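Numbering (our numbering), first residue to last: 38 to 263. Ideal Cβ placement from N, Cα and C applies to all residues, glycine included. Since the model is a prediction, treat every value here as computed from it, not as a measurement. Notes follow once the structure below has been shown.
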Ligand SMILES: Nc1ncnc2c1ncn2[C@@H]1O[C@H](COP(=O)(O)OP(=O)(O)O)[C@@H](O)[C@H]1O
Ligand SMILES: [Mg+2]
């Protein structure tokens, strides 16, 4: 069974009287352990695919299955459980909360529990050590470089030990040397057996992934092995 399957998935955004077809009957499979780079020009539909992959938004039509379960058969609570237990998100803009320390940001998925269990704390420390941030626990985001912010964001994405990591232009705000270090982290996560999907403009970044999906005008133009 594939990890994720899209069958003829379309997404239409409505803005007032305007309808924007962001995805047009897109079909593809993601197997467990895949690493996929999604490329395509601005506005081609890459982020829309990522939002749908991560259950952050719903398709206008078509079928999305996660481990054989049809998205439309789940209620919002069930979708939230899959999101938090199976999927880790990393964004171009890091999305760290400015008043929280690195450790607190990493624990954000547990923010509603006043005293995080010791197991969760241990997992946060492990994740921060893995991305080389074990010595920056009490720093605030504005005391970090861009690369360090992205490391903290990756640690947060790892907290629940997700099967799949979705990263939307994770190196878009980083210089090329820092970007290369962040990519090494994604490669090591892939070697651990995690499925990685990342959006990038950079062919060099894409070259690190096993498959490349090129998106154009809301359709898949090509899907090729490296
Ligand atoms: N929330 C939204 N409301 C309306 N239109 C949107 C929204 N998000 C994306 N779009 C439009 O959908 C198309 C695809 O956008 P997006 O998936 O963000 O592209 P990419 O990530 O490849 O730059 C674009 O034309 C964009 O303007
Ligand atoms: Mg985008």
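> How would you label residue 185, buried or exposed, when you count the other beta carbons within 10 angstroms and need 16 or more for buried?
Replying inline: Residue environment analysis places residue 185 among the buried positions, since at least 16 neighbouring C-beta atoms fall within 10 angstroms of its C-beta.
> residue 221 lies in the alpha helix (DSSP H); which residues open and close that run?
Replying inline: 213-228
> Is there contact here, the region 87-102 with the region 247-254, by at least three beta-carbon pairs under 8 Å?
Replying inline: no
> Three or more C-beta pairs closer than 8 Å, one from the region 201-210 and one from the region 228-247: is that the case here?
Replying inline: yes
>> Quick test of your reading: residue 123 and residue 201, contact by CB under 8 Å. State the CB separation rounded to the nearest angstrom.
In response: 6 Å
>> Please list the terminal residues of the continuous alpha helix (DSSP H) segment that includes residue 170.
In response: Segment: none, residue 170 is in no alpha helix (DSSP H) and carries neither H nor E.
> Three-state secondary structure (DSSP) at residue 54?
Replying inline: coil
> For residue 245, which of 158, 259, 71 has the nearest alpha-carbon?
Replying inline: Here the closest residue by C-alpha is 71.
> Taking just the CA atoms, how far does residue 69 sit from residue 192?
Replying inline: Rounded to whole angstroms, the gap between the alpha carbons of residue 192 and residue 69 is 21 Å.
> Are the Cβ atoms of residue 41 and residue 93 separated by less than 9 Å?
Replying inline: No.
> What do you reckon, is the C-beta of residue 250 under 8 Å from a heavy atom of ligand 1?
Replying inline: no
> Exposed or buried, which one is residue 117 when buried takes at least 16 other CB atoms within 10 Å?
Replying inline: Exposed, since its Cβ has fewer than 16 Cβ neighbours within 10 Å.
> What three-state label does DSSP hand residue 115 in the structure shown?
Replying inline: helix
> Is residue 234 near ligand 4, with its Cβ less than 8 Å from a heavy atom?
Replying inline: Ligand 4 is absent from the structure shown, which contains only ligand 1 and ligand 2.
>> Considering Cα atoms alone, identify which of 76, 213, 196, 115 is closest to residue 153.
In response: 196
> Which word fits residue 180, buried or exposed, when buried means at least 16 other C-beta atoms lie within 10 angstroms of its C-beta?
Replying inline: exposed
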